[in-house]
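Visitor:
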Amino acid sequence: MKDPVVSMKNIHYAYEKKAILHDIHFEIPQGVFMGMLGPNGGGKTTLIKLILGLSKPDNGSIHLFGQPIDKFRDWSKIGFVSQKANTFNKGFPATVFEVVSMGLTGKIGYLKLFTRKHKSKVLQSIDQVGMTDYAYENVGNLSGGQQQRVFIARALVNDPELLILDEPTVGVDQENVQRFYDLLHQLNDEHHITLLLVTHDTGTITEHATDIVCLNKTLHFHGEPDEYQTLTNKDLSKFYGHPVNIVTHDH
Amino acid sequence: MLADFLEYDFLRHTFLTGLLIGIIAPLLGTFIVVRRLSLIADALSHVTLAGIAFGLFMDKKFALGIAPLYSGMGFSVLGSIFIEQLRGVYKAYQELAIPIILSGGVGLSVIFIALADGFNTELFNYLFGSVSAVSQMDFYSILGISIIIILLIGLFYKELVTLSFDEEHAVVSGIHSKQIHLLFIVLTALVIAASIRVVGVLLVSSLMTLPVAASMRIARGFKQMIAFSIVFGELAVIIGLITGYYFSIPPGGTIVVVSIIILLLSIGMKRFSYTSRKRRLTHGTE
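Note that the protein sequences, when read in sequence, are chains X and L. Heads up: the first sequence begins at 26 in my numbering, then just goes up one per residue. Heads up: the second sequence begins at 77 in my numbering, then just goes up one per residue.
1. Hey, how far is the Cα of Gly371 of chain L from the Cα of Lys74 of chain X?
2. Can you grab the Cα-Cα spacing for the pair Asp214 of chain X / Gln173 of chain X, in whole Å?
3. Does the distance from the C-beta atom of Ser147 of chain L to that of Ile128 of chain L stay below 8 Å?
4. For Thr140 of chain X, verify whether its CB is less than 7 Å away from any heavy atom of the ligand SAH.
5. Nearest chain X C-beta to Glu387 of chain L closer than 8 Å, yes or no?
6. Could you tell me which uninterrupted alpha helix (DSSP H) segments, each at least 4 residues in length, are contained entirely in the segment 28-85 of chain X, listed from first to last along the chain?
7. If you measure from the beta carbon of Phe107 of chain L to each beta carbon in chain X, is any gap under 8 Å?
8. Pick out whichever of X:Thr243, X:Gln254, X:Leu209 and X:His217 has its Cα sitting closest to the Cα of Thr231 of chain X.
9. Which chain L residues are close to Val124 of chain X, counting only those with a beta carbon under 8 Å from its beta carbon?
10. For Phe188 of chain L, collect the residues of the same chain with a Cβ closer than 8 Å to its Cβ; drop the 5 residues on either side in sequence, then sort them by chain order.
11. Go to Phe246 of chain X, then tell me how far its beta strand (DSSP E) extends in each direction, as first and last residue.
12. Quick one: what does DSSP say Leu95 of chain L is sitting in, helix, strand or coil?
13. Using a cut-off of 8 Å between C-beta atoms, extract the partners of Arg296 of chain L located in chain X.
14. So which of X:Thr157, X:Phe105, X:Asp207 and X:Lys132 has the shortest CA-CA distance to Asp99 of chain X?
15. Mind pulling the chain L residues with CB within less than 7 Å of Phe205 of chain X?
16. Tell me which residues share the same chain as Ala269 of chain L and place their Cβ nearer than 6 Å to its Cβ, disregarding the 5 neighbours each side in the sequence.
17. Considering Val106 of chain X, what are the terminal residues of the alpha helix (DSSP H) in which it resides?
18. Put Ile142 of chain L into one of helix, strand or coil per three-state DSSP.
19. Does DSSP classify Asp242 of chain L as helix, strand or coil?
20. Going along chain L in order, which residues have a C-beta closer than 8 Å to the C-beta of Phe90 of chain X?
21. Quick check: the segment 177-185 of chain X against the segment 136-151 of chain X, are at least 3 beta-carbon pairs closer than 8 Å?
22. List the residues of chain L that Gly68 of chain X touches, going by C-beta distances under 8 Å, in chain order.
23. Closest Cβ-Cβ distance between Ile229 of chain L and chain X: below 8 Å?
24. Pull up the distance between the alpha-carbon of Ile337 of chain L and that of Leu240 of chain X, whole angstroms please.
25. Residues of chain L with a CB under 8 Å from the CB of Ser32 of chain X: which are they?
26. Apart from the five residues just before and just after Ile99 of chain L, which ones in its own chain have a Cβ nearer than 8 Å to its Cβ?
27. Leaving out five residues before and five after Leu95 of chain L in sequence, what residues of the same chain have Cβ atoms less than 8 Å from its Cβ?
28. Spatial neighbours of Val333 of chain L within its chain, please: CB distance less than 8 Å, with the 5 preceding and 5 following residues excluded, ordered by chain position.
29. Measure the alpha-carbon distance for Gly91 of chain X versus His247 of chain X and round it to whole angstroms.
30. I need the DSSP call for Thr219 of chain X, collapsed to helix, strand or coil.
31. Taking Ser107 of chain X as the query, report the chain A residues whose CB atoms sit under 9 Å from its CB, ordered along the chain.
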């Protein structure tokens with residue numbers, strides 16, 4: 026049995042004395058497609074920041090690929106597509122090729138050159154997300170869905186084993202959301218990339234993910250989508266902290 | 077028209093220095109503009125003025141021959157480090173560092189100028205630039221600085237671009253954002269100090285931002301933006317120096333006016349081609 030990709034034990038995190046995360050015990054096994062649900066302010070983004078090492082928990086331990094986070098150096102194993110993908114600096118005139126190349130900056134390292142090998146890797150990632158025709162266009166001129174794919178390519182260029190996506194479908198139209206999930210399935214099934222997708226789109230994620238977790242300060246649910254579907258409105262109200270009606274999606 | 081510039085030593089030094097700053101000012105300027113730090117160049121140029129006034133004052137009162145180029149550079153670099161500190165202190169008001177440093181620079185300048193017995197032609201040259209003020213020694217210093225700047229930008233290019241585009245992503249990728257940022261701001265300070273002889277304190281920031289503003293309108297990609305910025309910067313410097321010399325106008329003024337003409341032309345060009353391109357891209361075949 027391989028080490029879980031992420032393992033968190035007894036995590037507490039507070040900001041200005043207000044508890045954001047409380048007593049989190051949580052693992053992401055290899056190969057899963059995990060959907061993380063939760064209300065705004067429920068600590069989803071904070072949890073991701075802890076995994077990425079951008080914040081430190083007040084208490085508890087985090088292991089990445091079996092290693093304690095403070096000893097972990099292999100950051101290129103973790104790809105991250107942030108909410109920022111929708112609000113990045115559009116005035117910055119970078120081509121798709123340039124943006125995806127930036128994904129390699131950390132991996133190549135200081136004082137080392139971007140070589141032909143890197144270039145073909147970048148083009149391969151662009152192809153993987155279906156943006157080859159736009160490789161030399163300015164990112165700022167593309168539609169939201171196209172930009173989203175470019176940022177996924179930037180994460181893929183490092184061959185990550187874990188891909189974390191924070192609210193990636195905000196501002197992407199319905200047709201492109203479908204294409205986006207197709208791409209995620211391809212990454213998960215064919216390339217065996219473990220996925221952690223944070224969203225508040227309950228209906229769509231339960232159709233696609235293999236695991237669902239619900240986070241509101243603490244972990245309220247961790248199971249398969251089918252189990253999640255059986256939760257009653259009462260359960261969900263407890264979890265969201267206010268009354269909830271499930272909207273069923275018929276497909 | 078170029079003949080005089082090749083014939084006389086002092087003109088040749090100015091001209092060659094102009095060619096150097098036509099490269100380094102837009103090169104750094106590209107990063108400054110995309111990071112929305114355009115005003116930092118202004119703040120630092122005023123700190124450089126304080127340094128120059130300090131150099132002139134020491135020379136006049138104590139006959140200490142500190143070249144104003146070096147005292148200006150020293151102040152500029154210290155100012156840049158101080159800006160970084162202030163931006164850390166006022167995290168939510170990062171632009172506050174700019175008026176603090178700018179007014180501080182002007183304040184110190186006024187004091188040193190007064191102590192050095194007021195205005196003179198040399199100071200006027202520092203404010204608006206001069207076609208005849210660059211000595212051979214200045215030229216060699218600026219040549220050395222330019223080589224160092226181009227080398228460092230080349231070595232840290234991918235880190236600088238990654239950091240400027242998306243700081244969070246850069247930090248996640250393991251880039252040391254603080255150190256890279258400090259390097260960048262110190263290089264900016266050096267470029268400003270090097271450019272002041274030719275363009276002048278009051279107009280140096282324009283040579284870092286106007287060519288970039290023009291290039292931004294038409295470039296595809298960041299590398300192309302740098303390339304166009306340098307071409308526009310060189311054009312402005314060359315035309316500006318020659319016309320400045322023939323009409324006896326400080327070159328700072330002519331260089332800026334040429335830059336603005338280039339900017340207007342690029343805006344006109346873009347108007348012409350923009351709409352059709354955007355339409356084709358977002359509604360094109362998918």
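Beta carbons are placed, not taken as given, at the ideal position from N, Cα and C, and that holds for glycine.
Guide: Based on what the coordinates show:
1. Because chain L spans 77 through 362 in this model, residue 371 of chain L falls outside it and cannot be assessed.
2. 20 Å
3. yes
4. No copy of the ligand SAH appears in this structure; indeed no ligand is present at all.
5. Nothing in the structure corresponds to residue 387 of chain L, since chain L is present only between 77 and 362.
6. 69-76
7. no
8. X:Gln254
9. Phe241
10. Ala126, Ala129, Phe130, Leu132 and Phe133
11. Thr243 to Gly248
12. helix
13. Pro118, Thr120, Tyr161, Glu162 and Asn163
14. X:Lys132
15. Within 7 Å Cβ-Cβ: nothing; Phe205 of chain X doesn't reach chain L, min ~13 Å.
16. Thr124, Gly148, Met149 and Ser152
17. Premise fails: Val106 of chain X lies in the beta strand (DSSP E), Ile103 to Val106, not in any alpha helix (DSSP H).
18. coil
19. coil
20. Ordered by position in chain L, no residue passes the 8 Å Cβ test against Phe90 of chain X, which lies about 15 Å from the chain.
21. yes
22. None at all; the shortest Cβ gap to chain L is about 18 Å.
23. no
24. 57 Å
25. Ordered by position in chain L, no residue passes the 8 Å Cβ test against Ser32 of chain X, which lies about 19 Å from the chain.
26. Ser222, Ile226, Ile306, Gly309 and Glu310
27. Glu310, Val313 and Ile314
28. Gly316
29. 21 Å
30. strand
31. The chain labelled as chain A is not found among the protein chains of the depicted structure, namely X and L.
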